[in-house]
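Everything on this sheet refers to the single structure shown next.
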Amino acid sequence: MNAESLFLFMANTTNFPSIAKCDSRGREAHTLVADMDGTLLIGRSSFPYFALMAFELGGLFRLLALLLASPLVGLLYYFVSESAGIQIMIFVTLCGAKVSSIHSVARAVLPKFYSSDLHPDTWRVFSACGKRCVLTANPTVMVEPFLKEFLGVDLVLGTEIVATESGRATGLVGRKGVLVGTKKADALKVQFGDVPPEIGLGDRLTDVPFMSLCKEAYMVPPTPAVEPVASDKLPKPVIFHDGRFVHKPSPFLALLTILWFPIGFLLACLRIAAGSLLPMPLVYYAFLALGVRVTVKGNPPPSPNSSCRNSGVLFVCSHRTLLDPIFLSTALRRPIAAVTYSVSRLSEFISPIKTVRLTRNRATDAATIKKLLKEGDLAICPEGTTCREAYLLRFSALFAELTDEVVPVAMVNKMSMFHGTTARGWKGMDPFYFFMNPRPAYEVTFLEKLPVELSRGSGKSSHEVANYIQRRIAAALSYECTGFTRKDKYRALAGNDGIVDENKKTSIKANKIMGC
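Counting along the sequence shown from 1, when you hit position 251 you're at 251 in full-length UniProt numbering, and nothing is skipped either side.
Take a look at the structure:
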C-alpha cells in the first residue's frame, strides 16, 4: 500500500478531513496541536535529522552505526512497533553523548534543515492560531530549540531522554516511553485537562488517539512533491547555522557520504598540497586540473610592480570561508597577504600566503594594517566572521580609517557535500572539508575601486565608507545587509562571544572552539 492509498484508507476510517479543508480565518484565540514528521514537516521520516545529529556528535563512525541500524529500525517501525524502532534510533544516535552537545547541535545545526521542510498547508493553519503545541515522538531536546525560537511554538511535548549524573545521554528514553499512539493522547490530557484544543493535526493512524481529543481534526496527506514554506514567510529566518552537511542526509546520501569520505580526504590533501607548494601563478591551473573551479569577474588592479603606487591596495572581501584570501590570490595570480581575527595553527601552517593575526586592540591592529599596506597589497574581511546565507554582516570601519586605496571584492563559493566553515568544531579541518567536496567552486568579483568623492579624504566618515562598501558588495551578490556581528553569530551557535584567549594553556572543549 503506497502513501496515497494509506491516506485514503485513514481518511475513510477516521472521517477526518484533509488539512486543505481547514479554514484558517479567525483562529487567533484557538489552540492547535500538531504532530511533527509528516505533519508540520513535509518529510515523514526523522532519519535525516538523527543522521545530522549522529555525524555532529560522533563523526563518521556514529553515522555509519546509525546507517547499519536503519534496516532493523525500519523492520521494527513498520512491522513490530513504531516505538521500538524509534528507541533504537535514539540509542544509536545519542548514547554516550553529552546532553549539552546534543542541545548545541539542536540549536545550531538542525533549524536550517527543519525550516526548509515546513509543510505549506500545515503552516497556513499553524501560523494562524494563537497558541501552538507540537506533539512528537522525537526527543524534546532535539526539536525544542527550533520549534520555540524559530516558529514561536508555546509548548513542545516530545520523548524525554535519560542522562547520567555527569550529563551524558544513556540512549534510553524516560519512563513515559516514546511519545506515539495513545501516549500522545495521554500527554495531551495531562497538559490540557478537560479543556480540549480547538484543532488537532496529524498524518498517520498513530496520531488518531490525540486527534480524537480535539474539537476539530484534520489529516495532512503525504505530498512529498509539495514546495516547502519560503524562508521569508517564517517568523524568524535562519541566518546563522552550523554543521558540516550541505544537504539533508537521506539513507542513500548518508551511504554515499561514508563511501566518499576517504576518497574526498585524499583528494583534499592533494588539492591543499597543490595550493601550498606550487607558485601562485600556477595554482589556478592546478586547481582547474583537480576539479576546483575559480571564476574571476571584473577588472582587478595591476600588481604593485607594474604601477606607481606608494601604498598597497586594500582588498575588502565578503567573508565566506577562511580560504577567501587564498582564492583572491589565485584569481590575481600572485600572493596577497591577509589579516584575520582568528585562524588555527594548522590552517596557518598550510596557507600559501602570509597571514597576520589581529589582536582586537584598535590601535595595535591599525598599526599592523598600515605596516602591511606599505609592504604591498592586503586582503581583509571586515565582517570578522563567515556567514553561509545570503546576508552580509556589519562591516568594521577600521579599514576605512587607514587607506583610500580600497577595492571591494565579492566572494561566492559553492559546495555540494560539506561546508568549509564551523563555529562549534575545530577550525583546522575547515580547508579539508571544503576541498573534500567533489567539485568545489569560488567566484571572485572585483568591483570598481572606492571613488575619491566617497573616501575619507573627501570628508566621509569611516562608518559611511564601510557601509557604502557593504552595500556595493551586497548589491553585486544580491545579498541583504545586516547589522549582525561576530558576537551575534557565536552567541546564537556556540553560546559565547567567539573569542579565544591565545594565552590560556588549558585545552578548549570542542564545542567552545572559535574561528572565522
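For glycine and all other residues, C-beta sits at the position ideal for the given N, C-alpha and C. In this text the structure is predicted, and so the values were computed from the model without any measurement.
Here Asn437 carries a coil assignment [DSSP, helix/strand/coil]. Among the bridge pairs identified by DSSP, Leu314 is matched with Leu378, Val406. When the Cα atoms are used, Glu443 and Arg25 turn out to be separated by approximately 46 angstroms. DSSP lists no bridge partner for Asn138. Excluding five sequence positions before and after Asn437, the CB atoms of its chain that fall closer than 6 angstroms to its own CB belong to Met415, Ser416, Met417, Phe418, given in chain order.
Around the C-beta of Ile272, 16 or more other C-beta atoms lie within 10 Å, and the residue is accordingly described as buried.
Within a 10 Å sphere around the beta-carbon of Gly174 sit fewer than 16 other beta-carbons, which makes this residue exposed. Here Tyr341 carries a coil assignment [DSSP, helix/strand/coil]. The beta carbon of Ile380 lies closer than 8 angstroms to those of Leu314, Phe315, Val316, Cys317, Ala338, Val339, Ile369, Phe399 in the same chain, with the five residues before and after it left out. Judged by pairs of C-beta atoms under 8 angstroms, the region 133 to 151 touches the region 77 to 96, as three or more such pairs exist.
Taking 3 residues as the minimum length, the beta strand (DSSP E) runs contained wholly in the region 237 to 306 are 293 to 298, in order along the chain. The three-state secondary structure of Met219, taken from DSSP, is strand. By the neighbour-count criterion, in which 16 or more other beta carbons inside 10 Å mark a residue as buried, Glu375 falls on the exposed side. Restricting attention to Arg132, Leu188, Pro221, the CA atom closest to the CA of Pro17 is found in Pro221. Nearest to His463 by C-alpha distance, out of Asp488, Pro431, Arg394, is Arg394. Bounds of the alpha helix (DSSP H) holding Leu75 are 47 to 75. Secondary structure of Phe192 (DSSP, three-state): helix. Counting C-beta atoms within 10 angstroms of its own C-beta, Phe55 has 16 or more neighbours from the protein chains shown and is therefore classed as buried. Excluding residues up to 5 positions away in sequence, Phe446 lie with their Cβ nearer than 7 angstroms to the Cβ of Asn299 in the same chain. Closest in alpha carbon position to Arg244, among Phe432, Ala20, Thr482, is Phe432. With respect to the 8 angstroms criterion, Thr403 and Leu373 are classified as neighbours on the basis of their beta carbons.
Arg132 and Leu32 have their C-alpha atoms spaced approximately 5 angstroms apart.
The beta carbon of Leu57 sits closer than 8 angstroms to the beta carbons of Thr93, Leu94, Ala97, Ser101, Ile102, Val105 from its chain, once the five residues preceding and following it are set aside; these are given in chain order. By the neighbour-count criterion, in which a residue is buried when 16 or more other Cβ atoms sit within 10 angstroms of its Cβ, Pro197 is buried. Our two residues, Pro120 and His319, have alpha carbons roughly 33 angstroms apart in a direct line. By DSSP's assignment, Tyr391 forms a beta bridge with Glu480. The Cβ atoms of Phe126 and Ala268 lie no closer than 8 angstroms to each other. As computed with DSSP, Lys131 is found in a beta bridge with Thr31. For Ile90, the enclosing alpha helix (DSSP H) starts and ends at 82 to 94.
DSSP places Val444 in the strand class (E or B) of the three-state scheme. In this structure the region 200 to 217 does not lie against the region 455 to 472, because fewer than three pairs of beta carbons, one per stretch, are closer than 8 angstroms. Judged by DSSP secondary structure, Val99 falls outside any beta strand (DSSP E) and instead within the alpha helix (DSSP H) spanning 99 to 108. Of Pro382, Pro237, Asn467, the smallest CA-CA separation from Pro111 is found for Pro237.
Val226 and Ile42 have their C-alpha atoms some 8 angstroms from each other. Of the residues assessed, Lys176 falls on the exposed side of the cut-off, its CB having fewer than 16 other CB atoms within 10 angstroms.
With a 10 Å radius around the Cβ and a threshold of 16 neighbouring Cβ atoms, Leu151 comes out buried.
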